[in-house]
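Under the working numbering, the first residue of the sequence shown carries the number 29, and numbering increases by one thereafter. Glycine included, every Cβ here is placed at the ideal spot set by N, Cα and C.
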Amino acid sequence: MRYKLLGRSGLRVSELCLGTMTFGEDWGWGAPKEESRRQYDAFLEAGGNFIDTANTYTNGTSEEFLGEFMAADRDRIVLATKYTDGIPNNDPNVAGNHRKSMVQSVEASLKRLNTTYIDLLWLHTWDFTTPVEEVMRAFDDLVRAGKVLYIGVSDTPAWVVSQANILAELRGWTPFVGLQIEYNLIERTPERELLPMARALDIGVAAWSPLKAGLLSGKYNRPAGSAPASTPSSSASVSAVLPKRLDDAVSASFAPLTERSLRIAEQVGQIARETGATSSQVALNWLRSKGAIPIIGGRRVDQIKENLACLNFMLPDEHVLRLDNISRIELGFPHDFLANDTVRNFVFGGMFDAIDNHRLPSVLARPTGADKARGAVQEKI
């Protein structure tokens with residue numbers, strides 16, 4: 029295990045993060061207490077120190093388990109939890125980004141986690157109703173009170189995060205040092221705004237659902253004799269790989285099977301065979317090549333150990349490029365417009381090749397310089 033600084037901070041976190049949404053069976057699926065403990069122990073034995081949970085995961089059981097597991101390791105652990113979401117009831121203030129929700133959530137989490145402080149408090153989901161000023165001042169008050177050490181933001185538009193951090197900088201408040209997003213080979217849309225924003229503001233990136241709810245683990249690959257990935261979209265070829273039960277409702281709603289996702293999964297599987305690794309390890313290492321911290325998780329300790337084994341190797345540039353190409357997305361306006369040769373020629377006065385352009389995002393770099401541009405980007409994440 030290696031460690032990296034989390035964004036613009038001195039906090040050292042492991043290059044993999046243990047996600048604990050599966051700690052507990054309150055939601056009808058997940059891991060019982062004994063199995064959750066084995067996952068926790070395996071992660072620490074591998075050198076991991078970055079653990080992620082949330083106030084609502086398995087109705088609070090995840091935090092309770094961690095509070096017990098961490099009893100002898102608390103100072104070693106970089107503990108991250110979240111506020112915003114609440115169990116639905118008839119209280120309009122039980123959830124949201126506002127100060128009351130934040131304070132109540134933190135106090136309850138501290139009790140469940142059996143600790144006096146939270147290393148990293150994430151805003152879980154943007155509510156589009158609470159003023160940014162209220163959110164950032166409330167965060168800063170918790171940091172000054174010593175109940176929270178660092179703050180992060182999850183599932184929030186890039187323009188909101190930018191506004192929040194610039195406001196914090198101008199007013200001397202605590203800024204976000206971490207950004208948690210869904211990012212994987214199938215879901216690459218964060219490359220449009222969120223990732224460039226994180227690079228520009230020096231915010232560390234943690235990726236949830238790095239295996240796209242299992243689609244990149246190899247378990248949904250096509251059986252022999254089914255339609256090849258190069259054929260036009262076909263509901264029959266997609267249904268050929270559907271299990272009788274698509275794991276659970278979460279997988280069905282957040283990771284629907286499509287021809288595109290199957291093509292990407294097949295390329296991941298091919299590279300896994302070439303490298304002697306598993307599909308999961310290849311998918312995780314693609315994320316690591318982008319500078320993100322994958323949040324790994326599972327229901328069994330063997331899944332955690334398999335994911336941890338991705339640390340034993342790095343993908344060669346050739347494999348990264350193959351995965352880049354098969355999963356590439358349109359960045360849309362203005363990014364694709366700005367990458368147009370004619371536009372770029374006017375912007376740089378016909379001197380693009382003669383100008384030091386290491387600050388440019390990879391979309392603006394010429395294809396022949398893609399590897400160099402990608403390397404420059406990775407160094408800044």
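Original post:
In its own chain, which residues sit with a C-beta less than 6 Å from the C-beta of L177, not counting the 5 before and 5 after it?
Top reply: D147
Original post:
Should V375 be labelled buried (16 or more other beta-carbon atoms within 10 Å of its own) or exposed?
Top reply: exposed
**OP:** Could you please give the first and the last residue of the uninterrupted beta strand (DSSP E) stretch that includes D147?
**Re:** 146 to 151
Original post:
Does DSSP put I292 in a helix, a strand or coil?
Top reply: helix
**OP:** Rounded to whole angstroms, what's the CA-CA distance from R66 to V329? Just pull it up for me.
**Re:** 6 Å
Subject >> Residues near W201 by beta carbon distance below 6 Å, same chain, minus five either side >> reply: M164, D168
Original post:
Since L437 sits in a beta bridge, which residues does DSSP pair it with?
Top reply: Since the first residue of the chain shown is 29 and the last is 409, residue 437 is not available in this structure.
Original post:
Considering only the beta carbon of each residue, do W154 and V188 sit closer than 7 Å?
Top reply: yes
**OP:** Give me the Cα-Cα distance between V131 and G95, rounded to the nearest whole angstrom.
**Re:** 19 Å
Original post:
Can you tell which of S355, E219, L336, A234 has its C-alpha closest to the C-alpha of G286?
Top reply: Note on residue identity: the sequence assigns Thr, not Gly, to residue 286. Comparing Cα positions, the closest option is S355.
Original post:
What residue ranges within the stretch 67 to 116 form continuous alpha helix (DSSP H) runs of no fewer than 4 residues, ordered along the chain?
Top reply: 89 to 97
Subject >> C-alpha distance - L343 paired with S308, whole-angstrom precision >> reply: 13 Å
**OP:** Could you tell me which residues DSSP puts in a beta bridge with V371?
**Re:** Looking at the DSSP assignment, V371 forms no beta bridge with any residue, so it has no partner.
Original post:
If you compare alpha carbons, which of T112, L46, P116 is closest to S90?
Top reply: L46
Subject >> Residue range of the unbroken alpha helix (DSSP H) whose run includes V41 >> reply: Note, V41: premise wrong, no alpha helix (DSSP H); beta strand (DSSP E) at 40 to 42.
Subject >> 7 Å Cβ shell around T158 - same chain, five flanking residues per side excluded >> reply: G124, N125, H126
Original post:
From I292, G174, A226, A82, pick the residue whose C-alpha is nearest to that of G242; which is it?
Top reply: I292
Original post:
Buried or exposed: E219, going by 16 or more other Cβ atoms within 10 Å of its Cβ?
Top reply: buried
Subject >> For G297, three-class secondary structure by DSSP >> reply: In the structure shown, G297 sits in a helix (DSSP, three-state: H, G or I).
Original post:
DSSP beta-bridge partners for G47?
Top reply: Per DSSP, the beta bridge partners of G47 are D80.
Original post:
Are three or more beta carbon pairs between the stretch 98 to 106 and the stretch 358 to 368 nearer than 8 Å?
Top reply: no
Original post:
How is the alpha helix (DSSP H) around E170 delimited, first residue to last?
Top reply: Note that residue 170 is Leu in the sequence shown here, rather than Glu. Where L170 is concerned, the enclosing alpha helix (DSSP H) stretches over 160 to 172.
**OP:** For the alpha helix (DSSP H) containing K333, list its first residue and its last residue.
**Re:** Segment 329 to 336, the alpha helix (DSSP H) holding K333.
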